[in-house]
Structure formats: structure tokens, C-alpha cells
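>
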Amino acid sequence: MNRRIFLQNSAMALAGINASSQKRIRLITRGDDLGCARSLNRAVKECYQKGILRNCSVLAASPFVEEAASMLAKSKGLCFGLHCDLTSEWDNVKWGPVAPREQVPSLVDKRGYLHQTNEAVRASAKADEALIELQAQLDKARRLGFDIRYADLHMGTVQFVPGLPDKFGDWCRTNRLIDTRRIGGRLSLPRSSPIDRRRPGDYVLDLISSLKAAADGEYLIVGHLAYDDAEIRNLGHPGYPGQAVAHNLNWERLAYVDPRILKFVRENGVAPVRYDETDAAREQMGRFS
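Okay, so the sequence shown: first residue is 1 according to the working numbering, each after it adds one.
(1) Taking its Cβ as the centre, do 16 or more other Cβ atoms sit within 10 Å of D85, making it buried, or is it exposed?
(2) Under a Cβ-count criterion, where at least 16 other Cβ atoms within 10 Å of its own Cβ denotes burial, should F288 be classed as buried or exposed?
(3) Which value, in whole angstroms, describes the spacing of the CA atoms of V270 and H154?
(4) Can you tell me whether DSSP reads L53 as helix, strand or coil?
(5) Give me the Cα-Cα distance between E162 and R122, rounded to the nearest whole angstrom.
(6) I'd like to know whether the C-beta atoms of L53 and C36 end up nearer to each other than 7 Å.
(7) Taking the straight line between their C-alpha atoms, what separation do you get for S210 and R143?
(8) Going by beta-carbon coordinates alone, are A141 and I132 separated by less than 7 Å?
(9) Just to confirm the assignment: which complete beta strand (DSSP E) runs, minimum length 3, are found wholly within the stretch 161-233?
(10) Shortest alpha-carbon distance to A151 belongs to which of S70, G242, L134?
(11) Between the beta-carbon of Y275 and the beta-carbon of N55, is there less than 7 Å?
(12) Roughly how many whole angstroms lie between the Cα atoms of G236 and T87?
(13) Can you tell me the Cβ-Cβ gap for D91 and H224, rounded? I've got them flagged as a contact below 8 Å.
(14) When burial is assigned at 16 or more other CB atoms within 10 Å of the CB, is T180 buried or exposed?
(15) Could you spell out where the alpha helix (DSSP H) holding R266 opens and where it closes?
(16) Spatial neighbours of V273 within its chain, please: C-beta separation below 7 Å, excluding the five flanking residues on both sides.
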């Protein structure tokens, strides 16, 4: 074989390798509420080590965040974010602000906890106090050892505080955080009712079907990953009982670690990605001072 033919064949082989390595779908895989429960902490670790989880959002005010830090903060393959939190939504598991309560009186209820609902936040929270609390949460998460790269919204509550949505982007830039509010498209996933959320059936197959139907591009899936156990069944609030919470969170865990989803991702051009690997995030990061 002469040198010219060898180079042509080599180029063709390389082109084939590059084509096969190109992914049809870039899937931002996120797990929320790290620190909320021990069951959730364990599930996040499983989904990172054995599954497709690439991003994890830290709930800095929650009761088991220190345990989560000891388990996961040094995990180099995970992109950590601050799950910006102004609510404590469960009936039986509660938490207050990270900032001193006297600095954020509009954020707490009569018992000193963060408000339970978005409606209560909308009615009383002040934007400047919310920023004090978010800064305290970020400082705590970083102090615990998490390399916080992005910010997202717990229950979307930041959007309900008058004046806060317009200030949030500047706060992210000041703290060198990726503002994730507009990163990643949404897959069409079926839901049934506010109580069960995941319709009877197989949520893993639902996710696979949605990925099959999706056009090429970049998408975001968000899971609250836990096991169907007594700890998670102890969560819940009016309209979302603990048994439904445990049922849903276990299915959301399986969506990241079930062998069927792992096989589909491996064989069908789906690349799980971190937020800081997306073009939109890199554009933001380029503007950090």
C-alpha cells in the first residue's frame, strides 16, 4: 500500500470514528434536593457512580447536607449547583434559613421555618432579604467543600419574589455561577395527576420513548432521586402524600440508573452532560470577571 492510499484510508477511518462518536442528543441530567434526606443522598451517589447523573443541586439549608458533603463533595465527575431555596415544603421535615433569622424576617413563618408554599413566599418575601439568604446558602455549600458551578431554583420560588428575578442574574454573575434558568430544552414526558405525577406504568420506558421521539439537540431532565422507603414516605404535604412522594422519587432514581436507560443511552447517541459543558454555560462563564 503506498503512502497516499494509506493516508486516504486513515482519514476515512478517522471520519468514521468521529461520526460514531457524535451524539444525537446531549442530555443534561440533574438531581435535585441533595441533603434533604439520607435516602436521597444515597440515591444520588448510586446514580452518579452507576448511572447517568452528571449534575447535582445542593439544598444547603436542609438537615442532611453535611452528610451529603462527606459522601459526595469530592466527586470530580459531578457538576454541583446551588438549589436556591426559599421554601420548606414538607409537613414532617422542616428547615429554617441559613442566614440569621433576624436578617431575613420576611422569609420565615411563625415557627421560624422557611415558608411552606410559593404563595406564602409571594405574599411576604422581600428580594433583598432573599439575596441575603441565597448568599448564606452559597457560602455554606462552598464551605462544606462543594465546588458550586451553577444555580437553579427549588420549586421555582425565586421567580415569585417581587423584584428578585431581575436581580438573580446579576447575583449569579457576581458569584461566578451559571444561571441555568434558560439552559436545556424540555422532553415531553407523560404525567397523570398532581398526586401521582408519574402515571401508572413504567417511567423508565416513558423516558426512553421521549428520547426516541426527541429531535436532535440539547435537553434537560431533572430528578429527585431516592428510594421508596420509610424515610421518604415520611415526607409529603397536603395534595402530595408521602406514599406518592416515595413512589415518584424511586421511579425518578430508576430513570438515571436502570439497566434499560443505560443501554439506550449507550446505543442510541445520547450523551449525558454537565451544565459547564454546554455552549450556553460557557458563554456565561466567558463573561465572569
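The beta carbon of each residue, even a glycine, is placed where N, CA and C say it ideally should be.
Looking at the atomic coordinates:
(1) As a first step, residue 85 must be located in the sequence shown, where it is residue number 85. It counts as buried.
(2) Residue numbering aside, residue 288 sits at position 288 when the sequence shown is read from its first letter. By the neighbour-count rule (16 or more Cβ atoms within 10 Å), F288 is not buried but exposed.
(3) For the purposes of this step, residue 270 is taken as the residue at position 270 of the sequence shown. For the purposes of this step, residue 154 is taken as the residue at position 154 of the sequence shown. In a straight line, the C-alpha of V270 is about 27 Å away from that of H154.
(4) Here residue 53 is taken as the residue at index 53 of the sequence shown, counted from 1. Per DSSP, reduced to three states, the secondary structure at L53 is coil, with no helix or strand assignment.
(5) Mapped onto the sequence shown, residue 162 falls at position 162. Mapped onto the sequence shown, residue 122 falls at position 122. For the sequence presented, residue 162 should be read as Pro rather than Glu. Inter-residue distance for P162 and R122 is about 7 Å (C-alpha atoms, whole angstroms).
(6) For this step, residue 53 is matched to residue 53 along the sequence shown. For this step, residue 36 is matched to residue 36 along the sequence shown. In this structure, C36 does not lie closer than 7 Å to L53 by Cβ.
(7) Against the sequence shown, residue 210 aligns to sequence position 210. Against the sequence shown, residue 143 aligns to sequence position 143. Each residue's Cα considered, the two are about 39 Å apart.
(8) Numbered from 1 along the sequence shown, position 141 holds the residue referred to as residue 141. Numbered from 1 along the sequence shown, position 132 holds the residue referred to as residue 132. In this structure, I132 does not lie closer than 7 Å to A141 by Cβ.
(9) Taken in chain order, the whole beta strand (DSSP E) runs of length 3 or more contained in the stretch 161-233 are 217-223.
(10) Counting from one through the sequence shown, the residue named residue 151 turns up at place 151. Looking at the Cα atoms, L134 is the closest of the given residues.
(11) Your numbering for residue 275 matches position 275 in the sequence shown. Your numbering for residue 55 matches position 55 in the sequence shown. Yes, the pair counts as a contact, with Cβ atoms nearer than the cut-off.
(12) The sequence position of residue 236 within the sequence shown is 236, counting from 1. The sequence position of residue 87 within the sequence shown is 87, counting from 1. Going by the C-alpha atoms only, they are around 14 Å apart.
(13) Taking the sequence shown and counting its residues from 1, the one referred to as residue 91 is at position 91. Taking the sequence shown and counting its residues from 1, the one referred to as residue 224 is at position 224. Contact between D91 and H224 fails: their C-beta atoms lie close to 17 Å from each other, not under 8 Å.
(14) Translated into positions along the sequence shown, residue 180 becomes position 180. Counting Cβ neighbours within 10 Å, T180 comes out buried, since at least 16 surround it.
(15) As a first step, residue 266 is located in the sequence shown; it is residue number 266 there, counting from the start. Taken as a continuous stretch (DSSP letters only), the alpha helix (DSSP H) holding R266 covers 259-267.
(16) As a first step, residue 273 is located in the sequence shown; it is residue number 273 there, counting from the start. Sequence-distant partners of V273 (beyond 5 residues in either direction) whose C-beta falls short of 7 Å from its own C-beta, in its chain, are R26, L27, I28, R54.
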